[in-house]
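Asks: First, the structure itself, so that you have it in front of you.
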Amino acid sequence: MNLKKILGIDIGGSGVKGAIVDTKKGELITERYRIPTPQPATPEAVAEVIKKITKHFKWKGPVGAGFPGVIQQGIARTAANVDDSWIDKDLNKLFSQATGCKVHVVNDADAAGMAEVKFGAGKRHKGTLILITVGTGLGTVVFTNGKLVPNLELGHILLHGADAELYATDAARKRDELDWDTWAGRFNEYLLRIEELIWPDKIIIGGGASKKGEKFFPHLTTKAKVVPAKLMNEAGIVGAAMVSKYYNKLEKKNRNS
Ligand code: BGC
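Plus 64 on top of the position in the sequence shown (first one is 1) and you've got the numbering used here.
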């Protein structure tokens with residue numbers, strides 16, 4: 065199986081995006097192809113969309129997909145911003161059956177983190193870093209000396225007695241019609257709390273809001289350096305492809321041992 069090129073897919077609250085990735089260079093080698101997330105975003109409806117994306121690329125090879133919830137061995141365990149019917153579904157199986165390709169699914173923030181650490185703003189970082197994706201939800205991934213702890217759901221810590229995600233994500237800014245300064249204050253509170261809990265040396269901000277960094281970076285007061293993600297919108301796709309490469313290699317090694 066050729067693992068140099070893998071189809072990476074990012075399942076988001078508003079769109080499902082895919083592109084073929086050069087996994088050595090961490091670059092997209094095709095344009096991104098985006099299909100709006102079906103509503104309701106049930107597993108079966110999204111499986112159909114993933115099938116359309118594989119067809120669009122006439123793809124038969126390995127696929128990696130990032131999903132906005134906890135994923136254990138391909139099984140969804142949470143679904144904060146998508147339909148509850150995802151919980152406990154074996155997504156590796158569902159998507160592989162729908163597409164006829166071998167699909168590996170991981171948490172979307174973990175995927176983005178893998179890409180940023182290998183090719184982007186976290187490259188060669190020593191110590192502890194956290195990548196926070198700010199979009200519909202708050203995705204978090206922590207690396208220490210390049211090693212990741214999967215499924216760290218720090219977007220759901222409590223802030224003012226409620227889920228931080230409801231208070232400080234980009235969707236909250238839009239929902240509460242906040243100006244950037246007000247929202248930046250909320251986001252800064254969130255970062256200070258994260259800092260108290262895990263003391264990262266570096267904080268990387270990814271996801272949709274990272275494109276508007278100039279509007280809120282000046283308001284951030286953490287001791288840790290805060291930097292924007294380098295791969296921006298592509299990190300989820302690139303990282304999903306990298307994770308698929310990792311699992312395919314691991315499975316091959318296990319078969320041969
Ligand atoms: C989910 C995370 C996900 C994040 C970003 C959160 O609501 O719980 O698993 O990584 O949204 O999509």
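Glycine included, C-beta positions come from ideal geometry on N, C-alpha and C.
None of these values were measured; they are calculated from a predicted model.
Is it right to say residue 213 is buried, meaning 16 or more other beta carbons lie within 10 angstroms of its own, or is it exposed?
Replies: Burial call: exposed.
Asks: Output the residue ranges of the beta strand (DSSP E) runs that lie fully inside the region 96-162 and measure 3 residues or longer, sorted by chain position.
Replies: You should have 97-100, 127-131.
Asks: Could you please give me the residues that DSSP links to residue 227 through a beta bridge?
Replies: In DSSP, residue 227 forms a bridge with 222.
Asks: What residue from 113, 180, 253, 215 has the CA that sits closest to residue 280's CA?
Replies: Looking at the Cα atoms, 253 is the closest of the given residues.
Asks: Return yes when the C-beta of residue 24 is under 6 angstroms from any heavy atom of the ligand BGC, and no when it is not.
Replies: No answer is possible for residue 24: the residues shown for the chain start at 65 and end at 321.
Asks: What span of residues does the alpha helix (DSSP H) with residue 83 cover, start to end?
Replies: First-last for residue 83: 79-86, but that is the beta strand (DSSP E), not the alpha helix (DSSP H).
Asks: What residue range is occupied by the uninterrupted beta strand (DSSP E) comprising residue 280?
Replies: Per DSSP, residue 280 belongs to no beta strand (DSSP E); it is in the alpha helix (DSSP H), 277-280.
Asks: State yes or no: is the C-beta of residue 165 within less than 7 angstroms of the C-beta of residue 127?
Replies: It is a contact, given that the beta carbons lie within the stated cut-off.
Asks: Cutting at 6 angstroms between CB atoms, please list the residues of its own chain near residue 283, excluding the five before and the five after it.
Replies: Contacts found: 248, 252.
Asks: Consider the C-beta atom of residue 132 and the heavy atoms of the ligand BGC; say whether any pair is separated by less than 6 angstroms.
Replies: For the ligand BGC, at least one heavy atom lies less than 6 angstroms from the Cβ of residue 132.
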